[in-house]
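Numbering (the numbering used here), first residue to last: 271 to 590.
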């Protein structure tokens with residue numbers, strides 16, 4: 271199994287970065303990650319940490335997947351997310367929905383344990399409130415074709431989407447824009463609500479086990495119907511399958527713009543997958559599609575639109 275150490279971290283996703291590791295399509299890879307503060311030893315006594323210069327939202331990688339070429343789709347199956355033994359939260363005076371309420375930054379550390387009765391991994395928020403962990407990946411993306419994108423920014427390449435549904439058992443589909451795809455992973459959260467309203471989730475580090483598979487454009491071209499669906503999927507990326515739902519994840523300068531993009535990408539994909547016309551696919555979306563805010567705190571805002579996979583399966587649609 272391929273292992274990529276936390277020492278191979280950067281705060282930009284770019285084709286100019288040399289690969290940290292190579293693998294074949296179908297291989298399983300472990301990414302060892304830092305936290306979003308670059309493991310800066312943040313404590314309640316020192317909310318700014320102890321390091322001087324540091325990476326901003328570092329991601330581990332990139333991984334070069336042999337046989338991945340521009341125009342292909344990279345399928346990333348999240349097999350396992352393992353966390354270190356604590357997480358960090360910090361308030362902000364400049365970002366998030368509550369920044370106007372704080373005059374200074376504060377920080378808290380929460381240590382993970384298994385609940386004595388249920389066995390669930392989680393933490394005590396205070397003496398009354400136990401919260402189960404629900405680990406997720408904040409940053410996962412491929413290298414864009416042109417200029418690099420900072421790891422704090424989401425986009426069509428993936429990146430800092432902060433989508434809490436990118437969790438163990440989910441399957442993410444990303445564009446291949448450069449040879450090898452150059453996949454990077456980072457910014458783990460032990461728990462986060464939709465929106466990431468307070469500027470962060472429960473930020474932590476750990477290891478992510480991912481199985482990567484290249485979906486080849488050349489193979490799909492051999493079957494006109496399969497290629498039609500492939501093109502629709504490629505136009506909707508990033509695309510996530512989790513919990514029986516298919517989701518488009520889109521980022522833009524405003525939530526309205528991101529919601530518009532996510533809904534329209536999902537309608538287009540649902541229409542291609544089902545054969546519904548413009549009117550019926552729009553009606554089906556309004557009846558069965560759900561919009562949800564992923565995050566409101568990054569340079570671009572992110573919204574997902576989800577649609578039941580079971581409905582699409584009735585029309586013969588299969589992701590792979």
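Each residue gets a CB set at the ideal place from its N, CA and C atoms; glycine is no exception. What you are looking at is a predicted structure, and each value in this text was computed from that prediction instead of being measured.
Euclidean distance between Cα positions of residue 419 and residue 283: 5 Å
Unbroken beta strand (DSSP E) run spanning residue 530, endpoints: Per DSSP, residue 530 belongs to no beta strand (DSSP E); it is in the alpha helix (DSSP H), 525 to 544.
Whole-number beta carbon distance between residue 405 and residue 360, since they are thought to touch under 8 Å: Between residue 405 and residue 360 the Cβ distance is about 19 Å, and since that is not below 8 Å, they are no contact.
For residue 393, the nearest candidate out of 455, 461 and 366 (CA to CA): 461
The stretch 330 to 337 contacting the stretch 441 to 455, beta-carbon criterion three pairs below 8 Å: yes
Pairwise C-alpha distance: residue 353 and residue 479: 12 Å
Three-way DSSP call (helix, strand, coil) for residue 645 in this model: Because the chain in this structure spans residues 271 to 590, residue 645 falls outside the shown range and cannot be described.
Those residues which DSSP pairs with residue 560 across a bridge: Residue 560 is bridged to 576.
Segment limits, beta strand (DSSP E) that includes residue 291: Start and end: 291 to 293.
Where residue 488 sits in the DSSP three-state scheme: helix
Residue 443 - partner residues in DSSP beta bridges: 345 and 509
Residue 522, DSSP secondary structure in three states: strand
Residues of its chain near residue 395, where Cβ-Cβ distance is below 8 Å and the 5 sequence neighbours each way are ignored: 380 and 401
As assigned by DSSP and simplified to three states, the class of residue 370: Correct three-state label for residue 370: helix.
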